[in-house]
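Let me begin by presenting the structure, written as structure tokens, before commenting on it.
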């Protein structure tokens, strides 16, 4: 696909020449007609904001070093869109710059099976981040800009935002990260039309937008957001500025269509019938466009580009082995050592990808401090700003760097569930490391007990989850996680653990062992039933098995590290033994027990079955006391198994 | 329990007299010793921030109209704590003001089974909001202040915050709501000690705190946070100000213990052994305090107060009945009509509680606009600021008003999952109304499809969930929801629906029907198997049953509106028929199907079983097209049922 527009890529002019302005203005008129037609055909979409942002999109996609040819590679400019509902403008602008045939999108917008979804998605060439939940775009841009800097490719990131979403707290968090990190390679543009769904900004929620950006350390420019000349100058000035720059673009909601201008009414409503004709008339466009589009809509739906998770390309080194005679350690520390190993192996290796590790003021607790010391340029301290961090780390992970964020369970997932959902939808490659999961959070109490991480992640289609059972498995799982594409969560508690041993008395998760996703590890074999134990519960299950053995009952113990993917083979074998107990220090209603039970029904397997886990909000005290109060200590587990009749 | 401190409640002095200052200073020394002892005994907790905030706590709990006698009633002042980890200071200050015996908390802090959890919880008299996940306290305060204003009781809300958490976006959102709503009955205090876990604020994440508060419309005062005289004056000035006021309290991290001052080290570390003795020496306190506390720790653990959800006390009126011959309507509109009915019935009724309805710029879509028109003083527009809204609405719901927040599924729950988790932990009474759930979001596409609301809510222990199956059930469920105590979520899609009919051809969910939580409604009876259909899928299941009947198979159809609580009786009956199909437009891995399957295993029931639902991220298009693409249309359902062998 080609464009007929004169190139303005990477600012070839100090000021925009008149003939270029005229060409862009003509393009804007065509794009407006396309955008209006796009929403009228399916009678669905957001025309007024699209018309408002139109020149911003055309200008940004023009000046950015982002082309149909380079848009699937890493070393180039990025464009993140925060107000994803203005997709008609984004799509038509991309088409104008040659990314695809405009009639593809005009004809197949919001059609089931089409890549041209109602909110921008990465399947569309040129769209770098799928959005639509307001407030995430700036944080995505921060992630891209950090990745560009880490790769040293000189690239710039542009972020387009609405003004209604300026009040989202996540945007403020992202501003501060950009400013603290000195991301002078960022330019944000705000479509400042002063209107949102329920009325004017001042009516709905007043905010002093320029002051807020300035207070957070940004360079603030203003321009007429419908003037290509002013937009180009502002964008060029921003590109030369030593601070991240926001351009507040004064615009008119519904610009170009008389009856849509300056009214919230057409935020999410298409102009139908006579109104469509009037709109096309206002835009000097031929209303028969919609007829052609309607015909083409019946034809084949264009395919989107394929977006696959990418591998990090890191050297992951040789595993460490923790032996039972050594001082007991915790999974967190085993993770931290492995991460530091990997950091040291890869830091500034000439041909390797950078590994960015994000921290929200918890490095010593989540054990990323050694990595930070070894690889200071790859460590990103984002403060107590989890929402922006989750999105920034996710976006970085698709921009040519490996990205890992470590935090407490309640912050890394519960607090940022929706950001992680968008990471998953965007097929990011983020490694989220959660410490302090389950009841094992020390004495911090109920608000800090992440007893829902399995229950949360089972809502996603891409994210994988690994809950290692001891430090040796943690070491190997950490190295595996950092070698795999896709979003993966590594979750662990706070306490020191016994090293799990095999029948031969040697560490089970060492020697020949290598981590395999989805495998339940048979720690002990017995014919009288089976216990499936999640993560660190495996050690307690082994002790319960000892107690049961003393009572003459010999049970198998399966250590489960991948609760989202039941091990069918293990399950069939366990079912044959007649009795199954599952145990986890996670909400039993949403955790592994219910996943295993549901899988049994799916496979048509039956056994006497019981799940034990967390069944109320927990206490604050030493972990072992809390575990006991919840009925999850070895004695309680043995009793629970014996209750299976 | 009594206090020996002179009363400063409700500002009896224009300036604090010298003898009162001296008494408070003596109390502060005692409280510091208690706070240090509290964390040293269990070797766990956060001493340095507690020492930093000590005078703030003593001053606020002193001036606030909050007493051991009135703290469980509604019409009084509220105190919300954002930096919940400074619980040692909060607890010792409350003890100093007579809320309980200081030795109870010194002896039983962070002990399993004790109400004195590591982060403040409502079981402790005087604690109005359980927190610990930073950034939520100001929003909770906004909720209290809104409730106070709606009740017209002249009460004031105080919020204590740390400075590290100032960067959380949710705090900025809360600031703006307070400012827009003109909550002059709010005073916030920031413990401005400039130190967080990883270093100074400027090192971790710089923020221009005074400018940010000012930009969001707050009156900003500053004072020495360790001077009772200055604190009292600032608090009194704030109480006379026409705008919400923040007092930036200049403090010293670890104040009073020489080796803790101005260092992040003791953020979360207890002084042990010799350090404890040195700390007590610095504080002029007797180190034998810990021995007495250690002895008492072995004794009975004090009970916390009982926190029960409260009923809203609203008149809920007579149900409306929608008939099949009327224009088809959607569940959203049925909800909106019922809500407006209830609003009109109760608005400014002299003896009734107010009903606050919160909106994040979606009123017309989520159908709260009629209520807003009928009850303008009860409608709270909070803009695109969902995190603060979720917490504010939750806090309001425990402060003597009924509170309802309506939003799209992805905003009301996915985006605010952790805020809703804290609402649940706090045993709030929030009614969360989610529209646009499942695949039924119009053409908005994947980012807007809330296919996880069942999977999210099954992680909570208190929240109930109602997914009505048609407009008649929606009407009745809405009235039920607004008459019940506790947190309840009412979830519905966007589309117009058929009215479900009984065998007699009359609307099933009308006439004698009344909503009963946990009951699966048998829409049709058949012996060849059963279909359990969630919410609006019930209509499709009925059509599938018609198709199956044409093929000679007669199935029962159960309409499930309460997926979190399987109906055991219905399940036993269905199992007897040998074949069960569950269907939902929700992620099948986390939704109703897996809940029913797990319950079957738990009950030892077996049947040929299949769950159908959403198994990948969805398309953007008309809902029926998307339903069909996902295999959830009536023909696909009938085929799925027939695949059960």
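Protein chains in written order, with the numbering used here: chain A, 1 to 645; chain H, 646 to 1290.
Just so you know, even glycine gets a beta-carbon here, dropped at the ideal spot from N, CA and C.
* Asked: Can you tell which of A:148, A:128, A:45, A:150 has its C-alpha closest to the C-alpha of residue 117 of chain A?
  -> Looking from the CA of residue 117 of chain A, the closest CA among A:148, A:128, A:45, A:150 belongs to A:45.
* Name the one or two DSSP bridge partners that residue 1088 of chain H has. => H:1086.
* Beta bridge counterpart(s) of residue 864 of chain H as assigned by DSSP -> H:890
* By the criterion of Cβ-Cβ separation under 9 Å, what are the contact partners of residue 841 of chain H in chain A? -> Simply 361, 383, 384.
* Asked: In chain order, what residues of the same chain lie with their CB nearer than 7 Å to the CB of residue 768 of chain H, ignoring the 5 residues before and after it?
  -> 760, 949, 950, 952
* So with Cβ pairs under 8 Å, would you call residue 778 of chain H a contact of chain A? -> yes
* To do: Mind the definition here: the segment 311 to 326 of chain A touches the segment 495 to 511 of chain A only if three or more C-beta pairs lie below 8 Å; say whether that holds.
  => yes
* So, using beta-carbon positions, are residue 561 of chain A and residue 489 of chain A closer together than 8 Å? -> no
* Apply the 10 Å Cβ neighbour rule to residue 564 of chain A and answer buried if 16 or more other Cβ atoms are within range, or exposed otherwise. => buried
* **8 Å Cβ cutoff met for residue 1185 of chain H and residue 1282 of chain H** => yes
* Asked: For the alpha helix (DSSP H) that residue 660 of chain H lies in, which residues bound it at each end?
  -> No alpha helix (DSSP H) contains residue 660 of chain H, which DSSP labels as neither H nor E.
* Measure the CB-CB distance between residue 1051 of chain H and residue 1011 of chain H and report whether it falls below 8 Å. => yes
* **residue 177 of chain A to residue 850 of chain H span [Cα, whole Å]** => 7 Å
* To do: Just grab the DSSP bridge partners of residue 464 of chain A for me.
  => A:488
* To do: Please report the Cβ distance between residue 418 of chain A and residue 1201 of chain H, rounded to the nearest whole angstrom; I am assuming they are in contact, meaning their Cβ atoms lie under 8 Å.
  => Wrong, their Cβ atoms sit about 37 Å apart, outside the cutoff.
* Asked: residue 586 of chain A lies in the beta strand (DSSP E); which residues open and close that run?
  -> In the DSSP assignment, residue 586 of chain A falls within the beta strand (DSSP E) that extends over 579 to 587.
* To do: Report the residue ranges of all alpha helix (DSSP H) runs contained in full by the segment 689 to 765 of chain H; include only those spanning at least 4 residues, in chain order.
  => 692 to 708, 732 to 741, 747 to 753
* Asked: What did DSSP end up calling residue 932 of chain H once you bin it into helix, strand or coil?
  -> coil
* Mind pulling the chain H residues with CB within less than 8 Å of residue 110 of chain A? -> By Cβ distance, chain H contributes 1088, 1090, 1265, 1266.
* Asked: Given residue 978 of chain H, which residues of its chain have a CB within under 6 Å of its CB, disregarding the five upstream and five downstream residues?
  -> Only 1012 meet the Cβ criterion.
* Asked: Where does residue 4 of chain A land, buried or exposed, given buried means 16+ other C-beta within 10 angstroms?
  -> exposed
* To do: Please determine, among H:1211, H:659, H:998, H:940, the residue with the shortest C-alpha to C-alpha distance to residue 955 of chain H.
  => H:998
* Tell whether a beta-carbon distance below 8 Å holds between residue 302 of chain A and residue 104 of chain A. => yes
* My guess is that residue 293 of chain A and residue 39 of chain A are in contact by the Cβ rule of under 8 Å, so how many angstroms apart are they, rounded? -> Residue 293 of chain A to residue 39 of chain A, Cβ: 11 Å. No contact.
* Could you list the residues in the segment 797 to 819 of chain H with a C-beta less than 8 Å from some C-beta on chain A, going in chain order? => 809, 810, 812, 813, 814, 815, 816, 817, 818
* To do: Can you give me, in chain order, the residues of the segment 855 to 876 of chain H that have a beta carbon less than 7 Å from any beta carbon in chain A?
  => 856, 857, 860
* Asked: Counting pairs of Cβ atoms below 8 Å between the segment 139 to 151 of chain A and the segment 42 to 56 of chain A, do you hit three or more?
  -> no
* Asked: Does DSSP put residue 419 of chain A in a helix, in a strand, or in coil?
  -> helix
* To do: Output, in chain order, the set of chain H residues within a Cβ distance shorter than 8 Å of residue 206 of chain A.
  => Going along chain H in sequence order, the residues near residue 206 of chain A (Cβ under 8 Å) are 821, 824, 825, 862.
* What residues in its chain sit with their C-beta under 6 Å from that of residue 1244 of chain H, if we drop five residues either side in the sequence? -> 1211
* So the beta strand (DSSP E) residue 542 of chain A belongs to, where does it begin and stop? -> Residue 542 of chain A -> not in any beta strand (DSSP E); alpha helix (DSSP H) instead, spanning 537 to 550.
* Chain-ordered residues of the segment 584 to 604 of chain A with a beta carbon less than 8 Å from chain H -> Within the segment 584 to 604 of chain A, the residues whose Cβ lies closer than 8 Å to any Cβ of chain H are, in chain order, 587, 589, 590, 593, 594, 595, 597, 598, 600, 601, 602, 604.
* In angstroms, rounded to a whole number, what distance separates the CA positions of residue 820 of chain H and residue 167 of chain A? -> 11 Å
* Of the listed residues A:160, A:165, A:211, A:156, nearest to residue 184 of chain A (C-alpha basis) -> A:156
* To do: State the start and end residues of the unbroken alpha helix (DSSP H) segment that holds residue 180 of chain A.
  => 169 to 180
* Asked: Which residues of chain H have a Cβ atom closer than 7 Å to the Cβ of residue 42 of chain A, listed in chain order?
  -> By Cβ distance, chain H contributes 1088.
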